[in-house]
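Read through the structure below, which is laid out as structure tokens, and then see the notes.
Protein chains: 2
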Amino acid sequence: MSPKRVTIKTIAKEVGMSIMTVSRALNNNSNVNDQTKTKVQQVAKKMGYIPNHIAKSLVQRKTFTIGVVVPEIAHSFFQEVIRGIEEIAYDAGYHIILTHSAESFQREQLCLETLLSKRVDGILLSVAETVTDFKIYKELIRLKMPMVFYDRGINDIGISTVGIDGTKAAEILTEHLIGLGYMKIAHLAGPLHLSIGANRRQGYLNALKRHKIRAKKSYIVEAGLKEKQGYEGMKKLLNQTKKNPPRAVVAVNDPSAFGAIDAIKEAGLRVPEDIAIVGFADDIRSQLIEVPLTTVRQPAYEVGKVAADKLIKHIESKTEAVEDLVLNTELIVRKSCGWSKKKN
Amino acid sequence: MSPKRVTIKTIAKEVGMSIMTVSRALNNNSNVNDQTKTKVQQVAKKMGYIPNHIAKSLVQRKTFTIGVVVPEIAHSFFQEVIRGIEEIAYDAGYHIILTHSAESFQREQLCLETLLSKRVDGILLSVAETVTDFKIYKELIRLKMPMVFYDRGINDIGISTVGIDGTKAAEILTEHLIGLGYMKIAHLAGPLHLSIGANRRQGYLNALKRHKIRAKKSYIVEAGLKEKQGYEGMKKLLNQTKKNPPRAVVAVNDPSAFGAIDAIKEAGLRVPEDIAIVGFADDIRSQLIEVPLTTVRQPAYEVGKVAADKLIKHIESKTEAVEDLVLNTELIVRKSCGWSKKKN
DNA sequence: AAAAATATTGTTAACGTTAACATAGAAGAA
DNA sequence: TTCTTCTATGTTAACGTTAACAATATTTTT
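If you're matching them up, the sequences are chains H and Z in order. Oh and the first sequence: position 204 is 204 in the numbering used here, straight run, nothing missing. So the number in the numbering used here is just where the residue sits in the second sequence, counting from 1, plus 344.
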């Protein structure tokens, strides 16, 4: 952008007025003579003036920019969330800087540092899987940086979270299995320090309890959110329950379920005849695989919209309440839970 | 972010040195005593210093930010492109501002104005469907704003474009139909002022010509890139060819094909028995619909990567050549082209 | 030991804008 | 007419940083 830049200074010289008048005229600010205003705006247009938001942001300490941290950009769930965020942000006159933590704690730190340096007005973040240290979130609170967690948050830390009721959804999912007659139900859990991990496990336990099924420690394996970890987790699970293998598995999410299915097949077992499985999140692939996966649909686009909306409220009013917003989920029954088969 | 901010000035006062020394120490710049450097860095950390990129950008006239304009954020193709862009940008130390033109010319103008005002270092853009006036692109060139088109570009305007060889891909697609025995092949074209529209139509015509099939004007309808437009276009096509309806249709893209399928069904015809159809782009839905769609897979993620890479080269070297980069496509044969049926 | 070179630190201005206060002129009120 | 109140514009400083040049202290060379 080399050709000698046009600034309000240039315009001021051209129209023979002070830069302040030009600034006011261009911002349609009060107390500028109508003639002056029109004149300035005409000249600005003619000269090809492009306002410099950087300078404006510096003096006003406001960028109209929202920082978004996504833990897994390849996941359709998050892509839809981004879409929701963009829509709301656009309507409110904000723009978004997109960053990607790739499920890495370190990289998440880096994303946040960048966003702070770029002086975004607020941050939307979904906690990376490998995060175990919440110091930086507390620091952000201390800095009064407006922030909202979406999908994956930290409880009782003073930051609003927008997501689903994972506990309830996992409970419904598990109860669905129980309703089909399964008694020996295992759980491939996610990271328990993340609310999604803890909640889904809790929902699983709640369902068992309600139906007076004793939870077995060996039936719960803390795996992870990725396909590979689901695979490893399932292998471990099969290994430690050889004498009494489960008849159904509640996986923490769909990718994890995909991995688990691989492990089940590898062990020479069939889904759902030998082991039924249900996932969580409704990944696009879930309906495409050989035995389509029973899962829970999360309203990704809505999550993005609501989170962005809440964040902007936080940004624009110091008194906006910190609260958790819970959106509805929907049970999607497909073949992997073996609804049409005999069970035991 | 209210608590009295720590700036290099604050630090300078604390360590009893000039702000310039502090600046140098923090930037690991040459010519600072090692002791001083360590001291300053320690104090900075202790005081919770957060560099202000806004101020830095202002003076250096460089933001390390890339502006991305996406025409349809709900489309999985573009979501994958974004993923590719993010990856390359991250590796090169750039961040991305994501904007959405929603296929609207006006809104695209707005996106570009914003990006200019935010002083991004470069712009990646895929032309919105309703764009017919290229003035602003020329203006960007004049401003020497580094820029690369991805997927949808404008020919011979002096801006690099990263995409696929739409002509060739459409030719292959059409030839596939011809190879299956179809002779009466129609085309639902996209906007012809966009390269993707023009190229795909050309490929369709090339294939016909090569096989000595006369192209009929009534068999070509300029529709649009969206599902609804495909629907309307197909209705029009059926209407204007009542005496001699086509046996196969080459749609400009998958959404358009979906719409066309609806129109075909609505007319009481079957796909592919009565009318075969092929799309373009491999939308995620293409394999899910009742009669899975034969289409062309475009390497979306790769497109994003290559485009970002090219843009960064443009940014970092004034002499980078303007050129069109062409990536390979892959024909995906599914049922909608009726490969297993009789044809005429 | 003086001169030259180098290493380290400091000073000033600039990036492009707006906030806050100041001023001049015009219009209205007394 | 004079005082007051607007209206329109101007002046100055600030936002937080770096570039360019200046100055000082230290080391090296001759």
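Ideal placement from N, C-alpha and C gives every residue a C-beta, glycine not left out. These numbers come from a predicted model, not from an experiment.
At the 8 Å Cβ level, is residue i part of the contact set with chain Z, yes or no?
i, result
"K118(H)", "yes"
"P51(H)", "yes"
"L26(H)", "no"
"K9(H)", "no"
"T114(H)", "yes"
"I154(H)", "no"
"I284(H)", "yes"
"S2(H)", "Only weak support is given to the placement of S2(H): the predicted model assigns it a pLDDT of 46, under 50, and the value that follows is read from those uncertain coordinates. It does: the Cβ of S2(H) has a partner Cβ on chain Z nearer than 8 Å."
"P245(H)", "no"
Flag residue i as yes if its beta-carbon sits less than 8 Å from any beta-carbon of chain H, otherwise no.
i, result
"H444(Z)", "yes"
"A592(Z)", "no"
"G648(Z)", "no"
"Q631(Z)", "yes"
"A399(Z)", "yes"
"S367(Z)", "no"
"L402(Z)", "yes"
"I440(Z)", "yes"
Classify residue i as buried or exposed, calling it buried when 16 or more other Cβ atoms lie within 10 Å of its own Cβ.
i, result
"M391(Z)", "exposed"
"S160(H)", "buried"
"E80(H)", "buried"
"K685(Z)", "Because the pLDDT of K685(Z) is 42, which lies under 50, any placement of that residue in the model is unreliable, and the number read from its coordinates should be weighed accordingly. So K685(Z) counts as exposed."
"N31(H)", "exposed"
"A25(H)", "buried"
"E660(Z)", "exposed"
"N29(H)", "exposed"
"D254(H)", "buried"
"S2(H)", "With a pLDDT of 46 at S2(H), under the threshold of 50, the predicted position of this residue should be treated as unreliable, and no value is reported."
"V403(Z)", "exposed"
"T588(Z)", "The sequence as given places Asn at residue 588(Z); Thr does not occur at that position. N588(Z) is exposed by the Cβ-count criterion."
"K488(Z)", "exposed"
"D626(Z)", "buried"
"H211(H)", "exposed"
"A720(Z)", "What the structure shows of chain Z is the stretch from 345 to 688, and residue 720(Z) is not part of that stretch, so it cannot be assessed."
"K45(H)", "exposed"
"R463(Z)", "buried"
"S18(H)", "exposed"
"T382(Z)", "exposed"
"K479(Z)", "exposed"
"E171(H)", "buried"
"D477(Z)", "exposed"
"S562(Z)", "exposed"
"L288(H)", "exposed"
"Q106(H)", "exposed"
According to DSSP, is residue i part of a helix, a strand, or is it coil?
i, result
"S420(Z)", "helix"
"I54(H)", "helix"
"K558(Z)", "Per the sequence shown, the amino acid found at residue 558(Z) is Arg instead of Lys. Correct three-state label for R558(Z): coil."
"R349(Z)", "coil"
"E571(Z)", "helix"
"E277(H)", "Note that residue 277(H) corresponds to Ile in the displayed sequence, not to Glu. Strand, per DSSP."
"I220(H)", "strand"
"V403(Z)", "helix"
"V15(H)", "helix"
"V647(Z)", "helix"
"V635(Z)", "coil"
"V296(H)", "strand"
"D34(H)", "helix"
"Y548(Z)", "helix"
"V615(Z)", "coil"
"G233(H)", "helix"
What residues in the region 67-94 of chain H have a beta carbon less than 7 Å from any beta carbon of chain Z? I73, A74, Q79, R83, E86, Y90
If we require 3 or more residues per run, which beta strand (DSSP E) segments fall completely within the region 485-544 of chain Z? 491-494, 504-508, 529-533
List in chain order: all unbroken beta strand (DSSP E) runs of 3+ residues lying wholly within the region 584-613 of chain Z. 592-595
Unbroken stretches of the beta strand (DSSP E), 3 residues or longer, contained in the region 651-685 of chain Z: 668-671, 674-676
Unbroken stretches of the beta strand (DSSP E), 3 residues or longer, contained in the region 406-486 of chain Z: 409-414, 439-444, 466-469
If contact means a Cβ-Cβ distance below 7 Å, which residues of the region 127-141 of chain H contact chain Z? none
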